[in-house]
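Residue numbers (my numbering), protein chains in the order written: chain L, 56 to 292; chain W, 375 to 714. Built from N, CA and C at the ideal position, the CB exists for glycine as well. For clarity, every value in this text was computed on a predicted model and none was experimentally measured.
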Amino acid sequence: MSSTSYRQLTLNGLWKNNPALVQLLGLCPLLAVTASTVNALGLAAATLFVLVVSNTSVSLIRSLVSDTIRLPVFVMIIAAAVTVTELLMQAYSYELYQILGIFLPLITTNCIILGRADAFARKNALPAALYDGFIMGVGFGAVLVLLGAIRELLGTGALFADMQLLFGAGAESWRWQVFNVDYPFLVAILPPGAFLVTGCLIALKNQVDTSLERRAKAQAEAPVAGSKRVRVTGTVS
Amino acid sequence: MSLLKVTSPHASGQSRVSAVMRDVLVATLPGILVLTGYFGPGTLVNIIFGGLIAVACEYAIVALRGRDPKVAVADLSVLVTSTLLCIALPPYAPWWLIVIGVLTAVLLGKQVFGGLGYNPFNPAMVGYVVLLISFPVQMSAWASPRGLAEVPGLTDTFRHVFASTTIDAVTAATPLDLLRQNTGLLFKDLLTGSPELTGWGGIGWFETNLAFLLGGVWLLYRRVFTWHAPIAMLAALAVCALMGYDGGSSQSGGSALFHLFSGATMFAAFFIITDPVSSAVSNKGRLVFGALIGVLIYLIRTLGNYPDAVAFAVLILNFCAPFIDHYTQPKVYGTGGRES
């Protein structure tokens with residue numbers, strides 16, 4: 056794999072083909088657990104880990120598994136990775152494990168993971184597959200954390216609350232009360248808020264894309280001063 | 375020079391958007407007056423303050439979208455949205471509640487979808503529901519009617535709204551709240567135990583509903599909308615209430631008259647579900663649309679967690695409106711008919 060294709064992979068995972076904002080995959084956890092930054096971060100880390108492990112394993116066994124039975128095999132691999140993640144979280148961040156609840160085992164059915172395994176890892180060599188899993192996980196996780204932060208901020212006026220669930224007792228002081236709210240804006244924390252904020256993020260991304268495109272177009276069409284017009288006499292002023 | 379060829383007949387209608395919206399605004403006046411009379415100037419302050427915010431917001435967002443903001447504001451639709459929302463808000467609501475509600479209604483209910491004519495949901499109800507699930511405490515603090523408590527004056531109103539002093543002393547449960555919270559009492563005992571409740575809906579509420587009914591009938595007379603949706607809704611609600619009423623035991627949901635003349639029934643029937651954009655289109659479709667809203671209002675009022683149900687019922691049926699339209703599409707004259 057050449058370096059340009061790694062650049063391509065990075066661009067795809069983080070922006071152009073972002074799992075959460077463009078492919079709209081894995082919406083269930085995206086909407087369900089992003090009520091706070093710490094929950095989002097926990098699930099983002101778990102998903103990232105599973106994605107990397109599954110992409111790596113699928114790429115390694117890609118020549119051994121026939122097409123007809125590939126999906127059950129992939130799901131088995133993913134389920135194994137998820138079980139490992141679950142056990143790890145039980146051991147090191149039990150409270151967060153309890154908060155995330157059913158959405159941890161549900162990572163198995165997250166379309167992003169099976170999607171990347173089937174669409175990319177089974178056709179590519181190990182380094183590329185590993186990198187793709189990593190960058191897709193980062194892209195998904197970034198949206199997850201952003202969503203969690205926005206919802207937490209709108210709903211409680213604070214950021215990074217309860218970080219000790221993930222980073223140990225020292226992180227308790229990370230809580231940052233950005234502004235004081237007498238009455239929490241509940242809708243941001245409730246499920247409808249997840250839909251609303253996700254919609255706004257998607258709209259924002261599309262807006263950035265359109266304006267970038269427009270600018271690129273304008274730049275491409277902009278006449279260079281001094282150049283000659285085609286089939287027209289005179290120069291462009 | 376106009377190249378458009380216009381042929382007779384040259385009938386001119388007054389069906390401009392701004393004329394219709396102006397009629398709706400005029401028709402809310404009796405209801406607003408009665409609300410002000412019974413509950414003090416809170417609703418009036420809500421409406422004026424909310425209207426200013428709404429017009430400013432609409433102007434800004436339409437300009438941002440690259441359209442002519444003056445045209446958008448001049449059709450008065452944004453004022454109708456904000457007025458309907460502010461009538462539904464409790465009097466003496468804190469200013470930030472009004473701001474959040476109006477901004478949600480205009481931005482999320484209307485402009486996100488492309489402005490007037492494109493909104494799948496009733497914008498005022500979108501704003502109301504967001505407020506109701508976000509700030510249940512403030513949204514259920516309705517003022518006591520005149521006669522049971524001192525109604526605040528205008529200066530007190532401004533202090534309540536903009537300085538956020540508490541008004542716990544003058545809030546009271548609405549008749550529907552009372553019915554919701556007291557499931558252990560016979561309706562008769564509830565009636566004798568709470569002075570704000572009457573068999574007709576409650577002090578102030580009966581009169582308010584009557585006033586909105588009056589405005590609605592005037593709108594019907596002006597042919598702003600057809601009778602189908604409102605009548606279907608009221609009939610369905612009355613039939614449901616009749617079926618659920620057992621003479622006033624603790625489990626019954628109040629008589630049909632009580633349901634017709636308390637809460638937001640008449641206001642909803644003539645001002646909310648008649649929104650031409652988000653309701654069903656054909657006459658038959660509007661009958662179904664209105665009737666289902668009536669049934670839902672009754673079900674949520676008696677079985678749900680919230681005392682009144684108009685906003686939820688309307689939003690749910692807004693979802694269903696395209697579906698209803700699909701099955702109630704009128705036949706084109708001369709096509710279809712009997713199998714031959």
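Residue pairing by DSSP places Gln232 of chain L opposite L:Ala213 in a beta bridge.
Neighbours of Gln512 of chain W in chain L, taken as residues at a C-beta separation under 9 Å, are given in chain order as Tyr238. With a cutoff of 8 Å on beta-carbon distance, Leu689 of chain W and Phe509 of chain W are scored as not near each other.
With 16 or more other Cβ atoms inside 10 Å of its own Cβ, Arg660 of chain W counts as buried. Going by beta carbons, Thr702 of chain W and Ala643 of chain W fall outside the 8 Å limit. Non-local beta-carbon contacts of Val452 of chain W in its own chain, meaning distances under 7 Å to residues more than five positions away in sequence, involve Ala428, Val429, Glu432, Val480 in chain order. For Val452 of chain W, no CB of chain L lies under 8 Å from its own CB, so it is not counted at the interface with that chain. Taking the beta carbon of Ile507 of chain W as reference, the chain L residues within 9 Å of it are Leu241, Val242, Leu245, Pro247, listed in sequence order. Following the DSSP letters along the chain, one finds Asn583 of chain W inside the alpha helix (DSSP H) bounded by residues 579 to 595. Burial check for Glu524 of chain W: the Cβ neighbour count within 10 Å stays below 16, so the residue is exposed. The Cβ atoms of Ile472 of chain W and Leu463 of chain W sit closer than 8 Å to each other. For Val436 of chain W, not one C-beta of chain L is nearer than 8 Å to its own C-beta. Interface annotation, Val688 of chain W: not in contact with chain L, CB-CB separation never under 8 Å. Between the C-alpha atoms of Phe240 of chain L and Leu482 of chain W there is a straight-line separation of about 16 Å. Between Ala695 of chain W and Ser652 of chain W, the C-beta gap is smaller than 8 Å, which places the two residues in contact. Here the region 242 to 249 of chain L does not lie against the region 121 to 129 of chain L, with fewer than 3 beta-carbon pairs under 8 Å apart. In summary, Thr478 of chain W is buried, with 16 or more beta-carbon neighbours lying within 10 Å of its beta-carbon over all protein chains present. Taken in chain order, the whole alpha helix (DSSP H) runs of length 4 or more contained in the region 115 to 170 of chain L are 125 to 147, 149 to 155.
The Cβ of Val504 of chain W sits closer than 8 Å to at least one Cβ of chain L. Here DSSP, grouped into helix, strand and coil, assigns Ile690 of chain W to helix. In this structure, W:Cys460 is the residue among W:Leu528, W:Cys460, W:Gln485 with its C-alpha nearest to the C-alpha of Val503 of chain W. Listed in chain order, the alpha helix (DSSP H) elements of length 4 or more contained wholly in the region 615 to 653 of chain W are 630 to 634. In the DSSP assignment, Lys260 of chain L falls within the unbroken alpha helix (DSSP H) covering 246 to 276. At a Cβ-Cβ threshold of 8 Å, Phe104 of chain L and Thr140 of chain L count as neighbours. Looking only at W:Ile507, W:Leu506, W:Gln485, the smallest Cα-Cα distance to Pro497 of chain W is reached by W:Gln485. A distance below 7 Å between beta-carbons, with the five flanking residues on each side excluded, links Ala638 of chain W to the following residues of its chain, in chain order: Ala462, Asp682, Val684. In its chain, beyond the 5 residues on either side, Gly212 have a beta carbon closer than 7 Å to the beta carbon of Asn235 of chain L.
In the structure shown, Met191 of chain L adopts helical secondary structure according to DSSP, grouped into three states. Counting the other Cβ atoms within 10 Å of the Cβ of Met131 of chain L gives fewer than 16, which makes it exposed. Per DSSP, reduced to three states, the secondary structure at Pro526 of chain W is coil, with no helix or strand assignment.
For the set W:Ala615, W:Ser518, W:Trp469, W:Ser392, the Cα lying nearest the Cα of Arg675 of chain W is the one of W:Ala615. For the options L:Leu66, L:Gly68, L:Leu76, L:Arg62, the alpha carbon positioned closest to that of Asn261 of chain L is the one of L:Leu76. In this structure, W:Met395 is the residue among W:Ala603, W:Met395, W:Trp516 with its C-alpha nearest to the C-alpha of Ser456 of chain W.
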